[in-house]
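Protein chains in written order, with the numbering used here: chain A, 103 to 248; chain B, 66 to 365. Glycine residues also receive a C-beta, built at the ideal position from the N, C-alpha and C atoms. Below is one structure, written out as structure tokens, with a few remarks after it.
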Amino acid sequence: MTDTDLPGQLAEIREDFLALEQPDRLQLLLEFSNELPALPERYQDHPDLFERVVECQSPVFIFVEVDADKAVHLYATAPAESPTTRGFASILAQGLDGLSVAEVLAVPDDFPQTIGLTQAVSPLRLRGMTAMLGRTKRQLRERTLA
Amino acid sequence: MTVETDPSSSFAAFAHPERLVSTDWLQAHLGTPGLVVVESDEDVILYESGHIPGAVKIDWHTDLNDPVERDYIDGTAFAALLGAKGISRDSTVVIYGDKSNWWAAYALWVFTLFGHEDVRLLDGGRQKWLDEGRELTRDRESAVTVDYPVVERDDSRIRAYKEDVLSHLGHPLIDVRSPEEYSGERTTAPAYPEEGALRAGHIPSAVSVPWARAAAEDSTFRPRAELDAIYRDEAGLTGEEPVIAYCRIGERSSHTWFVLTYLLGLDDVRNYDGSWTEWGSAVRVPIVQGTAAGSVPTNR
């Protein structure tokens, strides 16, 4: 997949990161971390719906919703003392929000490695975001088969 | 030492009380010439989310590890790093971090490989500072670059390689990982990502003492008497033999290395940083599974 067919909002996130010097990329990641939306009320008492991303170092849980208009929404919870993990979840929650199932499934699995964080964050830590994307796609495949 | 030590009575029973400072001490000494405060965390942007005023950041992975080989940075890179953080060879460095100072202890151990003399931990780390409602700031790091000499790393005293561990068998080994990793049910800490060990279990004869047993609820180190009970009475360390501690990549065992060396005063403790991610993938090294330590293998 080339840059041009990455969904617009994901391409924009990538461009925003790549436009910055390394230390500023961490600041942007922190901004994403602070922007991770709270769960909608209807999901707040449903921990059963959420799947733990065990590849992440801190407890992060995700749930993928496909709404009546067939648009995808990713919800995630992660503790405040784990801002890196929150930032990863927030990038995906914002970047995937409102896309169609087919568009999300077509996002390259290596998207996390392409947004300029490999050096600033380290490849080991980035695995957490790769796992989040992988689990999001798997939930969608299961959802659409059912 | 550049800056006076913390005379707090709670540290008096430790073998080297000068290696710890309390949150009260640090609060009172912020801004003292010759003192540099360093935050070192597992989470790579926790510092950016708020840190102790004036503190600089050193990341275990992106700063202290060599980016290509599985090793620490060399003397030239260390000198450049510390100089850029405003640390001189005679600076008093106080390190603090998340997870009961787990990563802070790792950074302190690396500083010690380069022989930086006055490096201390903030007892209780980041969490205690936060719990006490003390000030954090999001100010950008603003260290003035100074000269730090190029000092070659000395791996001979406090670092063990795999070959050192093989020839050490028969002397005390402390496995500081979780019980599940020790017994071989899993190769990574519960809730941690797979970091690639092919086999599970522990080094024969190693005693299991999970690192966090040395930390109290408030992230401070446990009192001397409790640490003696754990490491001397229970694990059988006498101080008369050399000790090697290991975990998965050498970070949790840095915490234990700090406890054994500076709090209990054992004088020959090494950290095996290759740890399980090396041992558990190495060819033809002995491994024991289950909860028993297992016996020292005979030559084979």
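Own chain partners of residue 14 of chain B with C-beta closer than 7 Å, once the 5 adjacent residues on each side are dropped: Limits of chain B in this structure are 66 at one end and 365 at the other, which puts residue 14 of chain B out of reach.
Touching by the beta-carbon criterion (3+ pairs, under 8 Å), the stretch 333-350 of chain B and the stretch 304-319 of chain B: Using a C-beta cut-off of 8 Å, the stretch 333-350 of chain B makes contact with the stretch 304-319 of chain B, since at least three inter-stretch Cβ pairs fall below that distance.
Closest Cα partner of residue 287 of chain B within the set B:302, B:306 and B:329: For the residues B:302, B:306 and B:329, the minimum Cα distance to residue 287 of chain B belongs to B:329.
Top-ranked residue by Cα proximity to residue 164 of chain A, from A:245, A:241, A:246 and A:247: If you compare the alpha carbons of A:245, A:241, A:246 and A:247 with that of residue 164 of chain A, the shortest gap goes to A:241.
Cβ distance (whole Å) where residue 359 of chain B is taken to contact residue 353 of chain B below 8 Å: Contact between residue 359 of chain B and residue 353 of chain B holds: their C-beta atoms lie close to 3 Å from each other, under 8 Å.
Range of the contiguous beta strand (DSSP E) that encloses residue 239 of chain B: Per DSSP, the unbroken beta strand (DSSP E) holding residue 239 of chain B starts and ends at 238-240.
Proximity test, Cβ basis, 8 Å: residue 111 of chain B and chain A: With 8 Å as the cut-off, residue 111 of chain B counts as an interface residue toward chain A.
Residue 356 of chain B, buried or exposed, once every other Cβ within 10 Å from all chains shown has been counted against 16: By the beta-carbon neighbour count (other beta carbons within 10 angstroms, threshold 16), residue 356 of chain B is exposed.
Residue 207 of chain B to residue 208 of chain A span [Cα, whole Å]: Distance between the alpha carbons of residue 207 of chain B and residue 208 of chain A is about 43 Å.
Contact set between residue 140 of chain A and chain B, taken where Cβ atoms lie within less than 8 Å: Residues of chain B passing the Cβ test: none, with the nearest at roughly 18 Å.
Contact between the stretch 192-203 of chain B and the stretch 86-96 of chain B (3+ Cβ pairs under 8 Å): With the cut-off at 8 Å, the stretch 192-203 of chain B and the stretch 86-96 of chain B touch.
Short-range partners of chain B found in the stretch 162-190 of chain A, where Cβ spacing is below 8 Å: Answer in chain order: 183, 184, 185, 186, 187 and 189.
Contact under 8 Å by Cβ, residue 173 of chain B with residue 85 of chain B: Between residue 173 of chain B and residue 85 of chain B, the CB-CB gap reaches or exceeds 8 Å.
Under 8 Å (Cβ pairs) to chain B, residues found in the stretch 211-228 of chain A: Residues of the stretch 211-228 of chain A with a C-beta atom less than 8 Å from some C-beta of chain B are 221, 222, 223, 224, 226 and 227, listed in chain order.
Unbroken beta strand (DSSP E) run spanning residue 367 of chain B, endpoints: Here chain B covers residues 66 to 365 and nothing more, so residue 367 of chain B does not appear.
Within chain B, partners of residue 196 of chain A - CB distance below 8 Å: Within 8 Å Cβ-Cβ: nothing; residue 196 of chain A doesn't reach chain B, min ~17 Å.
Simplified DSSP assignment, three categories, for residue 164 of chain B: In the structure shown, residue 164 of chain B adopts helical secondary structure according to DSSP, grouped into three states.
Buried or exposed (CB count within 10 angstroms, at least 16 for buried), residue 178 of chain A: With 16 or more other Cβ atoms within 10 Å, it is buried.
Beta-carbon neighbours of residue 131 of chain A, restricted to chain B and to distances below 9 Å: Those are 109, 110 and 113, listed as they occur along chain B.
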